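A short write-up of the structure that comes next.
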Amino acid sequence: MPDAREFLPLKPLVFEILLALGEGERHGWSLVREVQARGSDERLLPANFYRTLRAMLADGLIAESDRRPPADTDERRRYFRLTPLGRDAARLEARRLQEIVADARLRRLLKAKAGQ
Amino acid sequence: MSIFDRTYRWSLRALPADIRDDFADDMLQLFRDERRRRRGRPLALARYWLAAVVDALVCAVDERAARRVPRAPVSWRSLMRAVMSDARHGFRLLRRYPSSSILAVATLAIGIGANTAIFSVVDAVLLRQLPYSDPDRIVMVWEKRPREGAPQNVVSPADYLDWRARNTVFQQMAAYSETSTSIVGDGDPVVVPAAGVGYQFFDLLGVRPEVGRSFTADDETFGRHRVAMLSHRIWLQRYGSDRSIVGRKIVLNGNPWEVIGVLPADFQFIEASIDVWSPLVLEGTGQPPSRTSHQLTVYARLKPDVSFAQALDSMDRLGQQLELEHPDESRGHGANVTSMRDVYTKDFKTSLTVIFAAVGLVLLIGCVNVANLLMARAVSRRREMAVRSALGATRVRLLTQSLVESVALATVGGALGVGVAVLVMRVLPLVLPAQMSVVELTNVTLDLRVLLFAVTCALLTGLLFGVLPALRASKPVVADVIKEGGRGPGGVRRRSRIALIVSEVALASLTLVGAGLVLRSFAAISAQPLGVNPRDVFTFAVSMPVARYPDPDARVRALAELEQRMAALPGVTSVGAINLLPLSGGDSRQGVVIENREVKPDDPPTRMHPRFATPGYFATMGIQIVRGRAFTPQDDQSAQRVAVINQTAARRFWPNEDPIGKHVRFTAEEQWRTVVGIAADVRHWGLSRPVNPMWYLPQAQMRGSFLTFVLKSRLDPSALAKAVRAQVAAFDDKLPISGAKTMDALVSESVRAQRAQTVLIASFGVLALLLAVIGIYGVMAQLVVVRVHEIGVRMTLGARPRDVLRQLLLEGLWQTLAGLALGLLAGAYLMKLGQDLLFETKPRDPTTLAGVSIVLVIAAMAACLIPARRAMRVDPVVALRET
Chain A
19 MPDAREFLPL
29 KPLVFEILLA
39 LGEGERHGWS
49 LVREVQARGS
59 DERLLPANFY
69 RTLRAMLADG
79 LIAESDRRPP
89 ADTDERRRYF
99 RLTPLGRDAA
109 RLEARRLQEI
119 VADARLRRLL
129 KAKAGQ
Chain B
2 MSIFDRTYRW
12 SLRALPADIR
22 DDFADDMLQL
32 FRDERRRRRG
42 RPLALARYWL
52 AAVVDALVCA
62 VDERAARRVP
72 RAPVSWRSLM
82 RAVMSDARHG
92 FRLLRRYPSS
102 SILAVATLAI
112 GIGANTAIFS
122 VVDAVLLRQL
132 PYSDPDRIVM
142 VWEKRPREGA
152 PQNVVSPADY
162 LDWRARNTVF
172 QQMAAYSETS
182 TSIVGDGDPV
192 VVPAAGVGYQ
202 FFDLLGVRPE
212 VGRSFTADDE
222 TFGRHRVAML
232 SHRIWLQRYG
242 SDRSIVGRKI
252 VLNGNPWEVI
262 GVLPADFQFI
272 EASIDVWSPL
282 VLEGTGQPPS
292 RTSHQLTVYA
302 RLKPDVSFAQ
312 ALDSMDRLGQ
322 QLELEHPDES
332 RGHGANVTSM
342 RDVYTKDFKT
352 SLTVIFAAVG
362 LVLLIGCVNV
372 ANLLMARAVS
382 RRREMAVRSA
392 LGATRVRLLT
402 QSLVESVALA
412 TVGGALGVGV
422 AVLVMRVLPL
432 VLPAQMSVVE
442 LTNVTLDLRV
452 LLFAVTCALL
462 TGLLFGVLPA
472 LRASKPVVAD
482 VIKEGGRGPG
492 GVRRRSRIAL
502 IVSEVALASL
512 TLVGAGLVLR
522 SFAAISAQPL
532 GVNPRDVFTF
542 AVSMPVARYP
552 DPDARVRALA
562 ELEQRMAALP
572 GVTSVGAINL
582 LPLSGGDSRQ
592 GVVIENREVK
602 PDDPPTRMHP
612 RFATPGYFAT
622 MGIQIVRGRA
632 FTPQDDQSAQ
642 RVAVINQTAA
652 RRFWPNEDPI
662 GKHVRFTAEE
672 QWRTVVGIAA
682 DVRHWGLSRP
692 VNPMWYLPQA
702 QMRGSFLTFV
712 LKSRLDPSAL
722 AKAVRAQVAA
732 FDDKLPISGA
742 KTMDALVSES
752 VRAQRAQTVL
762 IASFGVLALL
772 LAVIGIYGVM
782 AQLVVVRVHE
792 IGVRMTLGAR
802 PRDVLRQLLL
812 EGLWQTLAGL
822 ALGLLAGAYL
832 MKLGQDLLFE
842 TKPRDPTTLA
852 GVSIVLVIAA
862 MAACLIPARR
872 AMRVDPVVAL
882 RET
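If you're matching them up, the sequences are chains A and B in order. Here this note's numbering is used: the first residue of the first sequence is 19, the next is one more, and so on. Here this note's numbering is used: the first residue of the second sequence is 2, the next is one more, and so on.
Encoded structure:
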């Protein structure tokens, strides 16, 4: 298995997708919705989105899932899930970002949250 | 599905097929979703759409590049060999379909040539900078009279001198005033156009004399003012380019003037014919400079740190100040500043733009025709393409071939277009004015950039309509096409064919509406009564030089004797004279007082245009006296002062009473004059211009020293001119005559500009119609070929030839009507822009629109008829066997 560290830093869109899949399997469309809902990316461009998805599949960060909710009867829908590699990558990226944020606080660019 | 969705889906086609299969639907849905989020924000929506399309295309390129299988390197030589063979094939094909190829190439050549020529003129006159140093800083200063609706009036000497002395915004300011001067010595006595200018005039323009010096402030001092600069032309023709002319004295208007300089050969001015330039002397002549006589055109150069708006503002304030200082003379007068370029291009802007639009439409129709030809060819070659593809030709190779063919068409069209452009440039002087702005038409050269532009248009058309069908044709399921026998189900898609016919008709009707309107307008102008009968009238002007005839009585006696000598010429039936001839361009206007007419302080000043005429003038010119009498020889110095007014003056100043017997005087004089007659209106300023109040005064009482004689005679004008010259020379051999021409020639010159634009636009209209008919014919002919099989089947099933004919004609008719509707609709909006060109013709003139509709429908039906008749004669047996 390739080292998850090789993928760092993750592109924002890749990170968003990994986060969205963290809660469980999703089909492509609901994934889009989830990413949209986070509102982090004002302009979600379709071709780029699906290309990213394909690249993530090829890299093994995510995988197609055969399991689907019983309610979904649409055969054509493709479901995706996190792979262990993807989970590692997301976790490493989150840690990396956390360190950066901590650094920013240290330099008083950000106010420490109350209670911390 | 909205246009955004549709175009986005279209852009997704660029992606490799497997990605498309997997994700295209999702992508489209995502796009739609994002689009909805931007509903009501058109700008954001358009930005997102653009970003998404670009994103799809970039992805497509990336993906395809990533998958590329490395191929054997292509050697240049083999590539060139392939292209050459394609080119040969392309030209062979052009030869194989000679008539359609010739049509397409000819259409392109005409479109490209006419556009290049016309744009070259547009560029030289409207777009290029004026040929002076830093021309954007040169402005013209006018007197403005808001109450009379005159924002750009010529300026009085007193105002000009005050402006020049008191303004704070101009580096230089110089007035310009046109006159004429006689030259005696160094050849025949002649009268040449001359101009008096403020001393800074040439410095202001940035023009340096080729020899000698320019004017200085000292040259404006009365008594030292007899210095002149010569045009390069007269220096060459009369003085043999002799540089020692500088410092010599020549005789102008009977006085010796010192030549101080010669203008350079490349000096261009709006009045190109001025041969003698002298300083404009307005002070120290014994009379104070006038504030009521308006005659000067004023040029000025902005100071380096002053903006146009600042100058306008500052001059406006100066104007208001002068109005306060001189309430009697300057009431309601202000100062206005305009850019020199705007003034110079004003007369030509609309007409040149309309002409350019007309040739643009012709080029568009040409492009549609080429598109039509190429698409037709793509259809007929589907089979060839399929076979070649089956034999192993790559898609790229097939595409290259169409490309080469399109390029060949455009190249040949462009090359011939150069020839057409040269021809059009030769013809233009016949119809366009010889000088527009400062540009003399003969100096306009073909513009290479435009030629390139037009050829590029043709190339793009070729690529769009040649390569796209080829793209489609080169990817067929090969076996199907070969089986079909090259006649696909309808060949070129029905929709494109309809689009072609509709656009041809629309473009042609737009051009024709324009042509129709200018024709109507020209007819309206020509139908205007001139007020004189120009037939068999010969005119020439004589100016008595004050230097040689210092006594005013002697001048008047001399002119009277000349008139008697003219009357005695054999073949001359009647003679008269006037100081300012109609249509000659000369004019003057003065304030008058009308007895017992109440004038409110805010009324525009009462003015009439005075004319000094001899008793014979009215009869010779055929000017009708509608009431009262004309002048008689008894109306002389010793008799009562009399006047004849024109109908416009009668209507305006005596609206409900009889003007005969009423009294009028010049504002500047005390002497009352009695109206004795009313003459029919004469269109002094041109057929399309309104008539102003005018009054004729007897030359014997006014004693002018300049007269234009009119002679009625059946004699040949050139013989008459000779007799006239001999007679004048017999009277005084140092007396030059000028402006010898027939009245008919004057009338014809006066409508020259309108005739020019009418002829040009009308010919482009006819050209557009012709090209459109050719195009419609091409489309219909192709349609019949494509549908031979269907027609055969229908006839076998019992359709009569008449039914076939009717169906095809009906189809053509509907498409024509659709195009017509589009063209007329566009015309209704676009023609408003050219309204300035129209005289008493509305841009939505119903007669024109109806006429254009009828002409177009008939022409389109004729174009459909030939192919439709061919369809009628289809032999069902043959048609079915062939397929």
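In this text, a Cβ means the ideal position worked out from N, Cα and C, and glycines have one as well. Computed from a predicted model, the values in this text were never measured in an experiment.
Could you tell me whether any Cβ in chain A is nearer than 8 Å to the Cβ of residue i?
i                      : result
residue 5 of chain B   : no
residue 30 of chain B  : yes
residue 22 of chain B  : no
residue 57 of chain B  : yes
residue 865 of chain B : no
residue 458 of chain B : no
residue 60 of chain B  : yes
residue 448 of chain B : no
residue 27 of chain B  : yes
Excluding the 5 residues flanking residue i on each side, which residues of the same chain have their C-beta closer than 7 Å to its C-beta?
i                      : result
residue 28 of chain B  : 13
residue 173 of chain B : 201, 204, 205, 301, 302
residue 158 of chain B : 283, 290, 291, 297
Within the 8 Å Cβ cut-off, does residue i reach chain B?
i                      : result
residue 29 of chain A  : no
residue 123 of chain A : no
residue 80 of chain A  : no
residue 83 of chain A  : no
Can you list, in chain order, the residues of its chain whose CB lies under 8 Å from that of residue i, leaving out five sequence neighbours each side?
i                      : result
residue 525 of chain B : 840, 841, 842
residue 137 of chain B : 130, 340, 342
residue 874 of chain B : 802
residue 35 of chain A  : 49, 53, 70, 71, 74, 80
residue 46 of chain A  : 68, 71, 95, 96, 98
residue 321 of chain B : 335
residue 11 of chain B  : none
Given a cut-off of 8 Å, decide if residue j and residue i are closer than it, judged by their beta-carbon atoms.
i                      : j                      : result
residue 810 of chain B : residue 744 of chain B : no
residue 146 of chain B : residue 327 of chain B : no
residue 463 of chain B : residue 114 of chain B : no
residue 43 of chain A  : residue 125 of chain A : no
residue 447 of chain B : residue 195 of chain B : no
residue 345 of chain B : residue 438 of chain B : yes
residue 212 of chain B : residue 247 of chain B : yes
residue 460 of chain B : residue 366 of chain B : no
residue 311 of chain B : residue 106 of chain B : no
residue 31 of chain B  : residue 64 of chain A  : yes
residue 698 of chain B : residue 613 of chain B : yes
residue 280 of chain B : residue 355 of chain B : no
residue 352 of chain B : residue 838 of chain B : yes
residue 644 of chain B : residue 665 of chain B : yes
residue 234 of chain B : residue 257 of chain B : no
Who are the near neighbours of residue i in its chain, counting only those whose CB is closer than 6 Å to its CB and skipping five residues on each side?
i                      : result
residue 827 of chain B : 511
residue 584 of chain B : 747, 751
residue 590 of chain B : 608, 610
Could you name the residues that DSSP lists as bridge partners for residue i?
i                      : result
residue 183 of chain B : B:192
residue 646 of chain B : B:679, B:696
residue 98 of chain A  : A:44, A:82
residue 280 of chain B : B:198
residue 259 of chain B : B:228, B:250
residue 142 of chain B : B:299, B:338
request  = Please name the residues in the region 95-113 of chain A whose beta-carbon is closer than 7 Å to at least one beta-carbon of chain B, in chain order.
outcome  = none
inquiry  = Which residues of the region 53-77 of chain A have a Cβ closer than 9 Å to any Cβ of chain B? Give them in chain order.
reply    = 54, 61, 62, 63, 64, 65, 66, 67, 68, 69, 71, 72
request  = For the region 32-49 of chain A, enumerate the residues whose C-beta is nearer than 7 Å to any C-beta of chain B, in chain order.
outcome  = 46, 47
inquiry  = Counting only Cβ-Cβ distances shorter than 7 Å, please list the residues of the region 35-54 of chain B near chain A, keeping chain order.
reply    = 35, 49, 52, 53
query = What residues in the region 823-838 of chain B bring their beta carbon closer than 8 Å to a beta carbon of chain A?
reply = none
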